[in-house]
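J.:
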């Protein structure tokens, strides 16, 4: 796929890698009369110049799952050859532009031939699995040397092994060498969530943060907004305010995001803080001090009236449910 180079299989700790050697390549800044964008990303330039670049910048979770995958393959006496993993946006754009413009310029056509490109290359995207560092391309062979996957096929047994390692293949099979972290998640197997993680576990965290009175986008990306909300939650509830969602933070979030504890004037504690934050989200002016005083009671009654609930100032399951909507 990445022509301009000769492919040499080398063994490293039992893994097969593709070593890329440059052979009369054009300059990495070749634009072919403007048909190709200039590349400035150092890693993209290294790749274009034929350097073997596979695991640079990949997500640590991919490495974790790759190693488990290799271990499972070894048990079956199967071998794996890795071709690529992380792919910078600029390099993907470069390949895409080559295919798109090959018919318009002999220079670009030469680039296409040198890279060994076919008729299709994925459009560049910052959210693409290779650019996010959560995918690798690799071929697997059984003990007899038979290929178990290729561009248009994946052996069913290999799918099962990949699934055990937390990896998946495209369905339908349009790129059978493409392995991606299952579900697109970059959450480590230890269950701890932190800045930079992505996936359904992060979405669930964000939903819980919203249910305890913070405002966070439920996009499945543990960015600065989620990090800030986690730290605020930890600080408000007597936890280490480090932004890392471990056992203690998870337990507190689980309890407070689902609580239906009956609260009334004179109540105090963490549940009252959650109530006060939720009231603030709904537009009522309340201090989240954990004390159910007259100000909180007035706000609760106003909220209940506005939502056709019994306006008694007592927070039961019906009021909790409305507050979390």
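In the working numbering, the protein residues as written are -12 to 312. Yeah, the Cβ is synthetic: ideal placement off N, Cα and C, and Gly gets one too. Nothing here was measured: the structure is a model prediction, and the numbers come from that model.
Since residue 185 sits in a beta bridge, which residues does DSSP pair it with?
T.: Residue 185 sits at position 198 when you count from the first residue of the chain shown. For residue 185, which the question treats as bridged, DSSP gives the partners 208.
J.: With distances taken Cα to Cα, identify the nearest neighbour of residue 160 among 143, 152, 153.
T.: As a position in the chain shown, residue 160 is number 173, starting the count at 1. Per the Cα distances, 143.
J.: With a Cβ-Cβ cutoff of 8 Å, do residue 189 and residue 60 count as a contact?
T.: In the chain shown, residue 189 corresponds to position 202, counting from 1. In the chain shown, residue 60 corresponds to position 73, counting from 1. Result no, Cβ atoms of residue 189 and residue 60 do not sit closer than 8 Å.
J.: Report the residue ranges of all alpha helix (DSSP H) runs contained in full by the region 133 to 173; include only those spanning at least 4 residues, in chain order.
T.: Within the region 133 to 173, the complete alpha helix (DSSP H) runs of at least 4 residues are 143 to 151.
J.: How should residue 64 be labelled, buried or exposed, when 16 other C-beta atoms within 10 angstroms of its C-beta is the threshold for buried?
T.: Taking the first residue of the chain shown as position 1, residue 64 is located at position 77. With fewer than 16 Cβ atoms within 10 Å of its Cβ, residue 64 is classed as exposed.
J.: For a test of the three-state rule: what should DSSP assign to residue 112, helix, strand or coil?
T.: Residue 112 sits at position 125 when you count from the first residue of the chain shown. Residue state, collapsed to three classes: coil.
J.: Please state whether DSSP places residue 93 in a helix, a strand or coil.
T.: Counting from 1 along the chain shown, the entry for residue 93 is found at position 106. Helix.
J.: Assuming contact is defined by CB atoms lying nearer than 8 Å, are residue 298 and residue 291 in contact in what I supplied?
T.: Within the chain shown, residue 298 is the residue found at index 311, counting from 1. Within the chain shown, residue 291 is the residue found at index 304, counting from 1. Yes, they are a contact pair.
J.: Who are the near neighbours of residue 54 in its chain, counting only those whose CB is closer than 7 Å to its CB and skipping five residues on each side?
T.: The residue given as residue 54 occupies position 67 in the chain shown. Shown here for residue 54: not one same chain residue has a beta carbon closer than 7 Å to its own, the five before and five after excluded.
J.: Do you know how far the Cα of residue 96 is from the Cα of residue 233?
T.: As a first step, residue 233 is located in the chain shown; it is residue number 246 there, counting from the start. As a first step, residue 96 is located in the chain shown; it is residue number 109 there, counting from the start. Answer to the nearest angstrom: the Cα atoms are 53 Å apart.
J.: Which term fits residue 225, buried or exposed, when burial requires 16 or more other beta carbons within 10 angstroms of its beta carbon?
T.: Position 238 of the chain shown holds residue 225. With fewer than 16 Cβ atoms within 10 Å of its Cβ, residue 225 is classed as exposed.
J.: With burial defined as no fewer than 16 other Cβ atoms inside 10 Å of the residue's Cβ, what is the status of residue 140: buried or exposed?
T.: If you number the chain shown from 1, residue 140 lands on position 153. Exposed.
J.: Please report the Cβ distance between residue 76 and residue 18, rounded to the nearest whole angstrom; I am assuming they are in contact, meaning their Cβ atoms lie under 8 Å.
T.: As a working note, residue 76 is residue 89 in the chain shown. As a working note, residue 18 is residue 31 in the chain shown. Between residue 18 and residue 76 the Cβ distance is about 17 Å, and since that is not below 8 Å, they are no contact.
J.: Mind checking which residues open and close the alpha helix (DSSP H) that includes residue 31?
T.: For the purposes of this step, residue 31 is identified with residue 44 of the chain shown, where counting begins at 1. First-last of the alpha helix (DSSP H) with residue 31: 29 to 35.
J.: Going by DSSP in three states, residue 104 sits in which element: helix, strand or coil?
T.: As a working note, residue 104 is residue 117 in the chain shown. In this structure, residue 104 counts as coil in the three-state DSSP scheme.
J.: Touching or not, the region 98 to 115 and the region 42 to 58, by the rule of three or more beta carbon pairs under 8 Å?
T.: no
J.: Less than 8 Å between the CB atoms is what I'm expecting for residue 259 and residue 246, so what's the real figure, rounded?
T.: As a first step, residue 259 must be located in the chain shown, where it is residue number 272. As a first step, residue 246 must be located in the chain shown, where it is residue number 259. Their Cβ separation, rounded to whole angstroms, is 10 Å, which puts residue 259 and residue 246 out of contact at 8 Å.
J.: Taking the straight line between their C-alpha atoms, what separation do you get for residue 113 and residue 230?
T.: Mapped onto the chain shown, residue 113 falls at position 126. Mapped onto the chain shown, residue 230 falls at position 243. Those two C-alpha atoms are separated by around 25 Å.
J.: So what does DSSP say about residue 251, is it helix, strand or coil?
T.: Residue 251 sits at position 264 when you count from the first residue of the chain shown. Of the three classes helix, strand and coil, the one that applies to residue 251 here is coil, per DSSP.
J.: With residue 237 as the anchor, note down where its alpha helix (DSSP H) starts and where it stops.
T.: The residue you call residue 237 lines up with position 250 of the chain shown. Residues 234 to 245.
J.: Any idea if residue 206 is buried or exposed, counting beta-carbon neighbours within 10 angstroms, 16 or more meaning buried?
T.: Here residue 206 refers to the residue found at position 219 when the chain shown is read from its first residue. Exposed, by the Cβ-count rule.
J.: Around the Cβ of residue 249, are there at least 16 other Cβ atoms within 10 angstroms (buried) or fewer (exposed)?
T.: The residue you call residue 249 lines up with position 262 of the chain shown. By the 10 Å Cβ count, residue 249 comes out exposed.
J.: Find the nearest neighbour of residue 136 within the set 274, 164, 36, 216, judged by alpha-carbon distance.
T.: On the chain shown, position 149 is the one that residue 136 refers to. Of the candidates 274, 164, 36, 216, the one whose C-alpha sits nearest the C-alpha of residue 136 is 164.
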